[in-house]
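Peer 1:
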Amino acid sequence: MKKISMIIPCYNEEGNVQLFFENAIKTYKDSKKYIIELIFIDDGSKDNTLNELKEIAKTKECIVKVLSFSRNFGKESVIYAGLNAATGDYTVLIDADMQQPPSLTLKMAELLDKEEDVDCVCYYQSKRIEGKLMSKVKGLFYKTMNKISDVELKQGASDFRMFRANVRKALLLLDERCRFTKGIFSWVGFKTSYLPYTPEKRVHGTSKWNPYKLFKYAMEGIVSFSTKPLKLATFLGLFLSILSGIYLLVVLIQKIFIGIDIPGYPTIITLILLLGGIQLFCIGIIGEYISKIYLESKDRPIYIVKEEISNDK
Ligand code: UDP
Ligand code: MG
-19 MKKISMIIPC YNEEGNVQLF FENAIKTYKD SKKYIIELIF IDDGSKDNTL
31 NELKEIAKTK ECIVKVLSFS RNFGKESVIY AGLNAATGDY TVLIDADMQQ
81 PPSLTLKMAE LLDKEEDVDC VCYYQSKRIE GKLMSKVKGL FYKTMNKISD
131 VELKQGASDF RMFRANVRKA LLLLDERCRF TKGIFSWVGF KTSYLPYTPE
181 KRVHGTSKWN PYKLFKYAME GIVSFSTKPL KLATFLGLFL SILSGIYLLV
231 VLIQKIFIGI DIPGYPTIIT LILLLGGIQL FCIGIIGEYI SKIYLESKDR
281 PIYIVKEEIS NDK
């Protein structure tokens, strides 16, 4: 029998975890091929999620591990903790809110069984459920990222993935603090199969994402996996120097040969503002990278566990 470890991040999911558990059990109840290990990680929830999880951990139907963080560390840290705790032949990342139905994991496991050269199966959103503008912005992010970074991201690929133990071990080698999981998956390589899916509606609670958080996450992705923005300053500087050289020539020719006086004030103000803006922009980009170096060099732990419960003695 193969063991499937499910890593389930839970942040304020009191209304969903029980439903998730029942669904996961139902999916694998009659399976002769797989046993499941549910690794619920409570990411510092402020509601009753942890108590719900403790109730679930009393079950005898499957292995249940519950890790509870000392505060909210974010989904990326949760995934790392889950990878550390997982022991299965296959590991799957799946949300607790039922947007990613547990029943779909069976399809992923069967695909890994059948195709031995495939190490990772990933669901991607074939049809985006958010608004048109958001889909456009996300699409643009994927395009930019693929152009400027060394990693290749598939449009709409989610964290809903199942992979073999060799991939799990490789992922654990990347113990950086600024974690952009989509990039990390692409960076470690391995043959990945993509399956289309449409996420369900959230059963209870609300999404933890908002446009600002998404923007920050996108920046994190770019800074973690590309150094191209740093080169922007060099190119901008070079471009502006050449431009100003040409302009100087034009002004001199006008003055010496045609005798036109140059109206100075507006030109100077505009140029000062333009150059000031560009310089601040470039310093800002450098600042983003320095802040990452600062965070990484502190070498703080990625997460802190407050409590650990398991029915697998
Ligand atoms: N989550 C988490 N920590 C956080 C934010 C989210 O563990 O700080 C979990 C959340 O409980 C859910 C999953 O990550 O199981 C996905 O979050 P959400 O549903 O808010 O994201 P969306 O589906 O809207 O992309
Ligand atoms: Mg969700």
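Using the numbering used here, you'd call the opening residue of the sequence shown number -19 and step up by one each time.
The beta-carbon is built from N, C-alpha and C at its ideal position, and this holds for glycine as well.
Note that the coordinates shown come from a computational prediction; the quantities given were computed from them, not determined experimentally.
Are the CB atoms of Y192 and S138 within a distance shorter than 8 Å?
Peer 2: Residue 138 sits at position 158 when you count from the first residue of the sequence shown. Residue 192 sits at position 212 when you count from the first residue of the sequence shown. Not in contact: S138 and Y192 (Cβ atoms no closer than 8 Å).
Peer 1: For the ligand MG, enumerate in chain order all residues having a CB closer than 6 Å to any of its heavy atoms.
Peer 2: Listed by chain position, these are D75, D77, Q79, R182 and S187.
Peer 1: In chain order, what residues of the same chain lie with their CB nearer than 6 Å to the CB of R108, ignoring the 5 residues before and after it?
Peer 2: Here the question's residue 108 lines up with position 128 in the sequence shown. S115, listed in sequence order.
Peer 1: In the DSSP assignment, find the unbroken alpha helix (DSSP H) run with R148 in it and report its ends.
Peer 2: Working through the sequence shown from its first residue, we reach residue 148 at position 168. Run containing R148: A145 to L153, per the alpha helix (DSSP H) assignment.
Peer 1: Can you tell me where the beta strand (DSSP E) holding E288 begins and where it ends?
Peer 2: Stepping through the sequence shown from its first residue, residue 288 is reached at position 308. Counting along the chain, the beta strand (DSSP E) containing E288 begins and ends at V285 to S290.
Peer 1: Between G119 and I233, what straight-line distance do the alpha-carbon atoms span, to the nearest angstrom?
Peer 2: Position 139 of the sequence shown, counted from the start, is the residue given in the question as residue 119. Position 253 of the sequence shown, counted from the start, is the residue given in the question as residue 233. If I take the Cα positions, the gap works out to 48 Å.
Peer 1: Go to Y177, then tell me how far its alpha helix (DSSP H) extends in each direction, as first and last residue.
Peer 2: Indexing the sequence shown from 1 puts residue 177 at position 197. First-last for Y177: T172 to Y177, but that is the beta strand (DSSP E), not the alpha helix (DSSP H).
Peer 1: Could you tell me whether the Cβ atoms of V131 and L151 are closer together than 8 Å?
Peer 2: As a working mapping, residue 131 is identified with position 151 in the sequence shown. As a working mapping, residue 151 is identified with position 171 in the sequence shown. It is not a contact, given that the beta carbons lie outside the stated cut-off.
Peer 1: Specify, as a first and last residue, the run of the alpha helix (DSSP H) that Y197 falls within.
Peer 2: Sequence index remark: in the sequence shown, residue 197 carries index 217 (1-based). Here the alpha helix (DSSP H) through Y197 covers P191 to F205.
Peer 1: With DSSP run on the structure shown, which of helix, strand or coil describes K45?
Peer 2: Your numbering for residue 45 matches position 65 in the sequence shown. DSSP places K45 in strand when its eight states are reduced to three.
Peer 1: Considering just the uninterrupted stretch of the beta strand (DSSP E) at F302, what are its terminal residues?
Peer 2: Past the edges of the chain, shown from -19 to 293, lies residue 302, and the structure says nothing about it.
Peer 1: Since L133 and M125 are thought to touch, with beta carbons under 8 Å apart, how far apart are those beta carbons, to the nearest angstrom?
Peer 2: Position 153 of the sequence shown, counting from 1, holds the residue named residue 133. Position 145 of the sequence shown, counting from 1, holds the residue named residue 125. Indeed, because the Cβ distance is near 5 Å, the residues count as touching under 8 Å.
Peer 1: Could you pull the start and end residues of the alpha helix (DSSP H) that D93 belongs to?
Peer 2: Position 113 of the sequence shown, counted from the first residue, corresponds to residue 93. Residues L84 to K94.
Peer 1: With three or more beta-carbon pairs closer than 8 Å as the criterion, would you say the region 22 to 32 touches the region 78 to 88?
Peer 2: Contact between the region 22 to 32 and the region 78 to 88 is absent, because fewer than three Cβ pairs lie under 8 Å.
Peer 1: Starting from F219, trace the alpha helix (DSSP H) both ways and give me its first and last residue.
Peer 2: Your numbering for residue 219 matches position 239 in the sequence shown. F219 -> alpha helix (DSSP H) spans K208 to I233.
Peer 1: Excluding the five sequence neighbours on either side, which residues of its own chain have a C-beta within less than 6 Å of the C-beta of V72, listed in chain order?
Peer 2: The residue you call residue 72 lines up with position 92 of the sequence shown. Excluding residues within five positions, the ones whose Cβ falls inside 6 Å are M(-14), T85 and M142.
Peer 1: Using the Cα positions of Y70 and K(-17), report the straight-line distance between them to the nearest angstrom.
Peer 2: Working through the sequence shown from its first residue, we reach residue 70 at position 90. Working through the sequence shown from its first residue, we reach residue -17 at position 3. Near 7 Å, if we compare the C-alpha coordinates of K(-17) and Y70.
Peer 1: Residues in the same chain with beta-carbon distance under 7 Å from A145, minus the five sequence neighbours each way, listed in chain order, please.
Peer 2: Stepping through the sequence shown from its first residue, residue 145 is reached at position 165. If we look at A145 and ignore the five residues flanking it on each side, its Cβ neighbours are D69.
Peer 1: Whose C-alpha, out of T7, S173, I236 and I266, is nearest the C-alpha of V98?
Peer 2: Taking the sequence shown and counting its residues from 1, the one referred to as residue 98 is at position 118. It is S173 whose Cα lies nearest to the Cα of V98.
Peer 1: Give me, in chain order, the residues of the same chain whose beta-carbon lies closer than 7 Å to that of D27; leave out the 5 immediate sequence neighbours on both sides.
Peer 2: The count along the sequence shown starts at 1 and reaches residue 27 at position 47. Excluding positions up to five away in sequence, the list reads N(-8) and E(-6).
Peer 1: With DSSP collapsed to three states, give me the class of A37.
Peer 2: Translated into the one-based positions of the sequence shown, residue 37 becomes position 57. Of the three classes helix, strand and coil, the one that applies to A37 here is coil, per DSSP.
Peer 1: For Y103, name the three-state secondary structure that DSSP assigns.
Peer 2: Translated into the one-based positions of the sequence shown, residue 103 becomes position 123. Looking at Y103 - three-state DSSP - the assignment turns out to be strand.
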